[in-house]
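Trainee:
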Amino acid sequence: MNVVIIEDEASVAQNLCDLLLEINPQITVLVVLETIKDSLKWFKQNTAPDIAFFDIKIADGSSFEILEKTPLNFPIIFTTAYDEYALKAFKYNSIDYLLKPINKSKLEKALSKYQNLYTQDKIILDNNYKLIETLKKIKESTHKNIYKSSYLVNYRNQLIPIDVNTIAYFYLENKMVYCKTIDNKTYKISKTLEKLQIELNPDLFFRANRQFVVSRIAVKSATLIANRKLKINLKPVSSVDVIISKLKVTDFKNWFKH
């Protein structure tokens, strides 16, 4: 089975590759694509895969743009941290919709559905609206448990919990990740920013760039700078400028206004 993955977070893509090979060692991941531009070019120049995994929010926009700009005749499994795109996803050639972090058993079921639909010539009528409602109920019933509420950190030979509501931002410095609290204390965090982005409530935290994940409570304002970028003004003040690229400005504005 030949597979294409569209995912802009390297650690998430690697985890998906590992899970796929655990489930079926015969799977071949042809390519991991990070942008709309690269995806359109690859699909134009290469033979279609058996199946593709599409992250919805990627580096330069939404992967739905790929489907709108080129006809694709292979099945798609959408992978995302958000359930609000489920209805739109099923308008395309989608056979499943997996919420991140991806669960191995759910991934197995999605691949089984693919086998039933496309390799055994069986016709299975899925009640997509029922699935969407199920996803919403799952989110509502488990919302408090989906996201991290605290992190354990080492501090003076002790393990202490840090409530996420007291964290102003996470940042990468010299290949190490730290968090800065609203009272201007700094702690080392033994996780990548990619992992933190999955664990944190997206209503409260935003991935500003490759170095920063910022909390709503820390963002005091944003200043328009050259090339349609934004500079975020944080409190406590960061030692380096926190810049939002022009590709992410709209997403930041939508997040910040709510």
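Heads up: the sequence shown begins at 5 in our numbering, then just goes up one per residue.
Cβ coordinates follow ideal geometry from the N, Cα and C atoms, glycine included.
It should be emphasised that the depicted structure is a prediction, and the values quoted were computed from it without experimental measurement.
Tell me, which residues are paired with F216 by DSSP?
Mentor: As a first step, residue 216 must be located in the sequence shown, where it is residue number 212. Beta-bridge pairing links F216 to Y175.
Trainee: The beta strand (DSSP E) with S98 in it runs from where to where?
Mentor: By 1-based counting over the sequence shown, the position of residue 98 is 94. That run of the beta strand (DSSP E) goes 98–103.
Trainee: Am I right that A52 and N77 are in contact with their C-beta atoms under 8 Å? What's the rounded C-beta distance?
Mentor: Counted from its first residue, the sequence shown places residue 52 at position 48. Counted from its first residue, the sequence shown places residue 77 at position 73. The pair is a contact, with the Cβ atoms about 6 Å apart (cut-off 8 Å).
Trainee: Kindly indicate which three-state DSSP category I164 falls into: helix, strand or coil?
Mentor: Residue numbering aside, residue 164 sits at position 160 when the sequence shown is read from its first letter. Reduced to three states, the DSSP call for I164 is strand.
Trainee: Run through the DSSP bridge pairs and tell me what C183 is partnered with.
Mentor: Residue numbering aside, residue 183 sits at position 179 when the sequence shown is read from its first letter. According to DSSP, which records beta bridges pairwise, C183 is partnered with F174, Y191.
Trainee: Enumerate in chain order the residues of its own chain whose CB-to-CB distance from L25 is below 7 Å, with the five nearest sequence positions on each side excluded.
Mentor: For the purposes of this step, residue 25 is identified with residue 21 of the sequence shown, where counting begins at 1. Only I31 meet the Cβ criterion.
Trainee: Can I202 and K110 be called in contact, C-beta distance under 7 Å?
Mentor: Here residue 202 is taken as the residue at index 198 of the sequence shown, counted from 1. Here residue 110 is taken as the residue at index 106 of the sequence shown, counted from 1. No, the pair does not count as a contact, with Cβ atoms beyond the cut-off.
Trainee: Taking the C-alpha atoms as reference points, what is the distance between A172 and L228?
Mentor: Counted from its first residue, the sequence shown places residue 172 at position 168. Counted from its first residue, the sequence shown places residue 228 at position 224. Rounded to the nearest angstrom, the two C-alpha atoms are 21 Å apart.
Trainee: How far does the alpha helix (DSSP H) with D59 in it extend, from its first residue to its last?
Mentor: Here residue 59 refers to the residue found at position 55 of the sequence shown. No alpha helix (DSSP H) holds D59; the beta strand (DSSP E) holding it covers 55–59.
Trainee: Of the residues T170, Y191, D167, I164, which one's Cα is nearest the Cα of L176?
Mentor: Taking the first residue of the sequence shown as 1, we reach residue 176 at position 172. If we check each option's Cα against that of L176, Y191 comes out closest.
Trainee: Drop a sphere of 10 angstroms on the beta-carbon of P79, count the other beta-carbons inside from all chains shown, and report buried for 16 or more, exposed for fewer.
Mentor: As a working mapping, residue 79 is identified with position 75 in the sequence shown. Classification for P79: buried.
Trainee: Buried or exposed: which applies to L200, given that a residue is buried once 16 or more other Cβ atoms fall within 10 Å of its Cβ?
Mentor: As a first step, residue 200 must be located in the sequence shown, where it is residue number 196. So L200 counts as buried.
Trainee: Counting along the chain, where does the beta strand (DSSP E) carrying K224 start and finish?
Mentor: Locating residue 224 in the sequence shown gives position 220, counting from the first residue. It spans 223–228 - the beta strand (DSSP E) in which K224 sits, taken as one unbroken run.
Trainee: Determine the extent of the alpha helix (DSSP H) in which L23 is found, giving its start and end residues.
Mentor: By one-based count along the sequence shown, residue 23 stands at place 19. From DSSP, the alpha helix (DSSP H) with L23 extends over 14–27.
Trainee: Would you report the Cα separation of Y151 and I70, rounded to the nearest angstrom?
Mentor: By one-based count along the sequence shown, residue 151 stands at place 147. By one-based count along the sequence shown, residue 70 stands at place 66. The alpha-carbon atoms of Y151 and I70 are separated by roughly 30 Å.
Trainee: So who's on the other strand from F210, going by DSSP bridges?
Mentor: Residue mapping note: residue 210 aligns to position 206 of the sequence shown, counting from 1. V218.
Trainee: When we look at the beta-carbon of S263 and count the other beta-carbons within 10 Å, is it buried (16 or more) or exposed?
Mentor: Nothing can be reported for residue 263, as the shown portion of the chain is limited to 5 through 262.
Trainee: By Cβ distance below 8 Å, which residues in the same chain neighbour L44 in space, the five residues on each side in sequence not counted?
Mentor: Taking the sequence shown and counting its residues from 1, one reaches residue 44 at position 40. I70, K73, T74, listed in sequence order.
Trainee: Using the beta-carbon count (16 or more within 10 Å), is L3 buried or exposed?
Mentor: Lying outside 5 to 262, the shown extent of the chain, residue 3 is not represented and no answer is given.
Trainee: In the DSSP output, what is Y159 paired with across the bridge?
Mentor: Counting from one through the sequence shown, the residue named residue 159 turns up at place 155. According to DSSP, which records beta bridges pairwise, Y159 is partnered with Q162.
Trainee: Would DSSP call S66 helix, strand or coil?
Mentor: The residue labelled residue 66 in the question sits at position 62 within the sequence shown. The answer is strand: DSSP assigns S66 an E or B state.
Trainee: Would you mind giving the Cβ-Cβ distance between L238 and V217, rounded to the nearest angstrom? I have them listed as a contact below 8 Å.
Mentor: Taking the first residue of the sequence shown as 1, we reach residue 238 at position 234. Taking the first residue of the sequence shown as 1, we reach residue 217 at position 213. About 12 Å; that fails the 8 Å criterion.
Trainee: Cutting at 8 Å between CB atoms, please list the residues of its own chain near W46, excluding the five before and the five after it.
Mentor: Taking the sequence shown and counting its residues from 1, one reaches residue 46 at position 42. Excluding residues within five positions, the ones whose Cβ falls inside 8 Å are V8, V35, L37.
Trainee: Which of helix, strand or coil does DSSP assign to F78?
Mentor: Here residue 78 refers to the residue found at position 74 when the sequence shown is read from its first residue. Note: F78 maps to coil in three-state DSSP.
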